[in-house]
Amino acid sequence: MATYTDPIIIDDNNGDNTTEAEEDAFLGFVDYASSVLSSSEDRHDPDRVGEENTGPAWSWIVSRILKTCSAYSSGVTSAILLSDLSQAWNEQYQIGASKRKPECITQLKKKHRRTRLPNAVTIDSIYDKNFLSVNSILEAVVVDVFLLPGTNIYMISLGDFWSSNTINLYLHRRYYDLVDPDSPDNGILKKGREIFLTGCCLRSATEGSGCRRLLPTEYLVILLDENQDEDAMLLGAQFCSDSFSSISLDSVKSGASYSFYARIESIGLLEIQGKFGSLQRKQITLVDNDGVNLKFILWGEQILLANLFSVGSMLALDRPFVASAAESNIETCEELCLEYGTATQLYLVPFIQHEEQVICVASTQNRYQGSRPLNAITHTQGLKVSQVMLPCNSEGTIDFSNYPFRSFVIDLRDKMTSISLYGTVTDMFRERSTADTVFVLRIEDTTGAAAAKLHFVTSWSLGRLNLGHTIYISGLTCSMTSQKLLEVSWFEKDVGASLVNLSCLPALLNSSCLHKLSYLSDLSSQTNITHICSVRLDHIEHFHVNSTFSHALCGHFVNEMPDGLLECNFCHSTCDDEVVRTFHLKITLADESTKVLAWCTGATAAELLQISPDEFYELSEDEQAMYLYTLENERFMVAIVNCNRQGDGDVDSLNREKETVTWEIARALKCE
Numbered sequence: 001m002a003t004y005t006d007p008i009i010i011d012d013n014n015g016d017n018t019t020e021a022e023e024d025a026f027l028g029f030v031d032y033a034s035s036v037l038s039s040s041e042d043r044h045d046p047d048r049v050g051e052e053n054t055g056p057a058w059s060w061i062v063s064r065i066l067k068t069c070s071a072y073s074s075g076v077t078s079a080i081l082l083s084d085l086s087q088a089w090n091e092q093y094q095i096g097a098s099k100r101k102p103e104c105i106t107q108l109k110k111k112h113r114r115t116r117l118p119n120a121v122t123i124d125s126i127y128d129k130n131f132l133s134v135n136s137i138l139e140a141v142v143v144d145v146f147l148l149p150g151t152n153i154y155m156i157s158l159g160d161f162w163s164s165n166t167i168n169l170y171l172h173r174r175y176y177d178l179v180d181p182d183s184p185d186n187g188i189l190k191k192g193r194e195i196f197l198t199g200c201c202l203r204s205a206t207e208g209s210g211c212r213r214l215l216p217t218e219y220l221v222i223l224l225d226e227n228q229d230e231d232a233m234l235l236g237a238q239f240c241s242d243s244f245s246s247i248s249l250d251s252v253k254s255g256a257s258y259s260f261y262a263r264i265e266s267i268g269l270l271e272i273q274g275k276f277g278s279l280q281r282k283q284i285t286l287v288d289n290d291g292v293n294l295k296f297i298l299w300g301e302q303i304l305l306a307n308l309f310s311v312g313s314m315l316a317l318d319r320p321f322v323a324s325a326a327e328s329n330i331e332t333c334e335e336l337c338l339e340y341g342t343a344t345q346l347y348l349v350p351f352i353q354h355e356e357q358v359i360c361v362a363s364t365q366n367r368y369q370g371s372r373p374l375n376a377i378t379h380t381q382g383l384k385v386s387q388v389m390l391p392c393n394s395e396g397t398i399d400f401s402n403y404p405f406r407s408f409v410i411d412l413r414d415k416m417t418s419i420s421l422y423g424t425v426t427d428m429f430r431e432r433s434t435a436d437t438v439f440v441l442r443i444e445d446t447t448g449a450a451a452a453k454l455h456f457v458t459s460w461s462l463g464r465l466n467l468g469h470t471i472y473i474s475g476l477t478c479s480m481t482s483q484k485l486l487e488v489s490w491f492e493k494d495v496g497a498s499l500v501n502l503s504c505l506p507a508l509l510n511s512s513c514l515h516k517l518s519y520l521s522d523l524s525s526q527t528n529i530t531h532i533c534s535v536r537l538d539h540i541e542h543f544h545v546n547s548t549f550s551h552a553l554c555g556h557f558v559n560e561m562p563d564g565l566l567e568c569n570f571c572h573s574t575c576d577d578e579v580v581r582t583f584h585l586k587i588t589l590a591d592e593s594t595k596v597l598a599w600c601t602g603a604t605a606a607e608l609l610q611i612s613p614d615e616f617y618e619l620s621e622d623e624q625a626m627y628l629y630t631l632e633n634e635r636f637m638v639a640i641v642n643c644n645r646q647g648d649g650d651v652d653s654l655n656r657e658k659e660t661v662t663w664e665i666a667r668a669l670k671c672e
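For the sequence shown, the UniProt record's numbering gives the first residue as 1, with consecutive numbering after it.
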């Protein structure tokens with residue numbers, strides 16, 4: 001098993017990160033929000049006071065702020081953001097449960113090390129919203145099993161590790177044989193048993209019944225612990241005698257049933273079957289103890305079960321339906337496959353991620369986190385060192401999705417995943433040596449620069465992005481190439497992969513809590529941040545207003561090729577059917593400190609001119625000049641970036657729109 005041998009060290013000599021946070025109000029607000037959420041968590045949960053790094057991940061806070069800004073494009077206040085962050089954090093982790101949890105959950109929580117599943121919801125959130133979507137997941141613990149009085153209907157009472165409430169579930173009849181009718185505490189489904197379930201529907205409280213209940217679901221997986229004698233005996237007695245090699249179709253046709261124990265090697269993508277695309281299918285690859293592979297197929301609504309599985313976990317299948325691969329219409333070298341039949345029951349031994357100790361050294365990361373300082377030890381050089389435990393997989397790759405601090409370029413090492421970076425784009429171009437859609441993005445922060453390879457499913461899908469723009473990118477992965485070079489990658493289809501261009505974010509201009517106003521005279525001193533300025537239009541020369549065509553997908557200009565076709569000078573793809581007419585505008589901005597000549601295009605130019613290109617060029621030349629004159633002294637809030645190339649680049653690098661003006665107006669909003 002690979003181990004993580006290099007500590008993550010942030011060298012303060014490579015950049016003053018504290019100064020950057022002070023200059024960038026967005027970063028300052030993220031730090032402030034982190035302190036508020038962390039201190040709130042300690043107030044609500046006294047048992048956790050003094051624990052290190054119990055607050056939300058830095059990347060989670062940033063992503064949530066940007067999500068809220070997208071929803072409130074006209075602007076947000078600090079109160080709106082903090083309220084949304086607090087509600088989302090409480091819903092996700094249910095901090096501050098006032099009721100006492102059942103003792104069986106308290107005991108299990110002490111050894112709970114499992115990573116939480118995506119789409120998992122808490123019982124408290126069901127009560128808060130009075131809603132439960134069918135694809136939501138419950139990671140629950142059985143608190144009680146009982147018969148409804150006067151019936152033969154079993155109910156199980158469920159709790160979870162994050163909630164104060166419990167909720168009752170009508171047990172589906174396919175699981176009745178797992179309950180001991182004489183002593184409900186002695187069946188497989190008994191008090192203290194952990195289960196995963198999905199496909200649930202909520203029956204809301206009515207006048208006749210004041211409690212909410214979950215309706216029966218077929219999609220329930222029972223968790224087993226190999227370290228518990230009872231579970232180990234169950235696995236040994238029921239699941240270790242059959243192997244994939246022992247399957248016989250003739251025996252199956254004669255009524256034989258099998259029970260298998262295998263590791264989940266991979267979970268396939270969703271496939272659409274049928275002439276009209278109405279049938280869904282998902283394939284899960286299983287490997288038994290003999291190393292034999294077999295496909296486990298889920299059809300239709302059964303695909304919800306795949307959300308309960310994780311690669312590396314051990315799956316025990318009791319009485320799966322055995323089918324021929326040809327009949328199931330799957331392309332595989334095996335003749336047989338398994339399906340989730342009417343008698344099938346599933347047990348899971350979850351894969352427990354190991355944890356690695358990560359060392360962080362930085363002035364920004366040893367500042368007070370909320371109302372408490374981090375527990376620290378002294379480094380040999382006198383710096384303060386904080387230690388964070390993060391999960392890693394069997395290959396030694398560490399998951400940084402819950403890393404409590406901001407990650408910097410200098411942090412990047414081999415075997416890292418779910419990394420987020422906040423920085424400036426200093427170079428960008430498409431790789432033309434591959435048939436895949438791969439773009440290289442050079443991201444720079446105060447500690448250095450990194451080139452990330454962005455892998456898109458079909459084409460560029462991130463809208464307009466240019467040099468000098470400030471971005472937040474999440475879902476980055478670091479690995480070492482065969483030449484022992486560190487490679488940073490990003491895959492559009494991966495869960496958690498996103499990129500937000502803050503320089504073009506409308507809410508940033510309208511939200512005083514997220515920016516600090518700069519004077520135009522400040523532009524020459526700081527080149528790696530997006531400046532927000534309150535300006536007036538000083539002068540627009542008629543010959544500085546030009547019309548051109550841009551690629552609708554990426555917003556960059558197109559060139560006409562010798563054969564008459566149009567090619568995007570960024571994507572390097574033919575785009576005759578994907579072009580829009582746009583302005584290419586140079587304009588003089590002014591404030592009380594100085595004047596600056598800047599350029600812009602697209603929606604920003606149309607916002608400054610308050611007219612579309614088509615409407616403008618319908619005017620005569622004299623009318624155009626008169627119209628431009630009427631715009632002088634109009635006031636705008638603008639985001640200005642330095643678009644001069646700062647990377648090394650190569651022959652295929654972006655042409656910077658053939659522009660020689662240093663400053664680009666990335667976004668503009670008219671002041672009313």
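A virtual CB, placed ideally from N, CA and C, is assigned to each residue, including glycine.
Just so you know, these numbers come straight off a predicted model, no measurement behind them.
Looking only at DSSP bridge pairs, what is residue i linked to?
i, result
"Arg-281", "Glu-271, Trp-299"
"Ile-247", "DSSP output for Ile-247 lists no bridge partner at all."
"Ser-508", "Contrary to the premise, residue 508 reads as Leu rather than Ser in this sequence. In DSSP, Leu-508 forms no bridge with anything."
"Thr-548", "Thr-582"
"Gln-345", "Asp-318"
"Tyr-176", "According to DSSP, which records beta bridges pairwise, Tyr-176 is partnered with nothing at all."
"His-455", "Val-438, Phe-491"
Which residues mark the beginning and the end of the alpha helix (DSSP H) in which residue i is found?
i, result
"Leu-609", "602-609"
"Glu-230", "229-238"
"Trp-60", "58-71"
"Phe-616", "613-617"
"Thr-447", "Premise fails: Thr-447 is in no alpha helix (DSSP H) and is neither H nor E."
"Leu-108", "103-109"
"Glu-226", "No alpha helix (DSSP H) contains Glu-226, which DSSP labels as neither H nor E."
"Ser-125", "123-129"
Determine, using beta carbons only, whether residue i and residue j come nearer to each other than 8 Å.
i, j, result
"Ala-598", "Ile-665", "yes"
"Lys-516", "Ala-25", "yes"
"Thr-604", "Thr-548", "no"
"residue 683", "Glu-194", "As shown, the chain starts at 1 and ends at 672. That puts residue 683 outside it, with no answer to give."
"Leu-66", "Tyr-472", "yes"
"Val-641", "Ser-503", "yes"
"Ser-70", "Ser-474", "no"
"Leu-308", "Leu-338", "no"
"Tyr-170", "Pro-216", "yes"
"Leu-235", "Glu-226", "yes"
"Arg-464", "Cys-575", "no"
"Glu-634", "Asp-538", "no"
Whole-angstrom Cβ separation of residue i and residue j, contact assumed at under 8 Å?
i, j, result
"Ile-419", "Ser-407", "5 Å"
"Ile-167", "Arg-116", "Not a contact, Cβ separation roughly 18 Å."
"Thr-198", "Asn-293", "About 26 Å; that fails the 8 Å criterion."
"Leu-286", "Ile-303", "Contact flag wrong, Cβ pair sits at about 16 Å."
"Leu-224", "Asp-231", "4 Å"
"His-551", "Glu-578", "6 Å"
"Ile-272", "Tyr-258", "The Cβ separation is near 30 Å, so there is no contact."
"Asn-510", "Ser-74", "6 Å"
"Lys-101", "Ser-164", "7 Å"
"Thr-437", "Thr-458", "6 Å"
"Leu-412", "Val-488", "6 Å"
"Val-535", "Leu-589", "4 Å"
Note the first and the last residue of the continuous beta strand (DSSP E) segment covering residue i.
i, result
"Phe-146", "137-147"
"Thr-477", "470-480"
"Ala-668", "663-670"
"Ala-639", "635-642"
"Leu-220", "220-223"
"Ile-195", "194-198"
"Thr-217", "Counting along the chain, Thr-217 falls outside any beta strand (DSSP E), and DSSP gives it neither H nor E."
"Met-155", "154-159"
"Thr-151", "That residue, Thr-151, is in no beta strand (DSSP E); it is neither H nor E in DSSP."
**Study point:** the segment 425-438 touching the segment 72-86, judged by at least three CB pairs closer than 8 Å
**Key:** no
Examine the Cβ distances between the segment 483-499 and the segment 452-470 and report whether three or more of them are shorter than 8 Å.
yes
Note to self: Three Cβ pairs or more, each shorter than 8 Å: is that satisfied between the segment 145-156 and the segment 118-127?
What the structure shows: no
Item to complete: Tell me, please, whether the segment 610-621 touches the segment 570-578 by the rule of three or more beta-carbon pairs shorter than 8 Å.
Response: no
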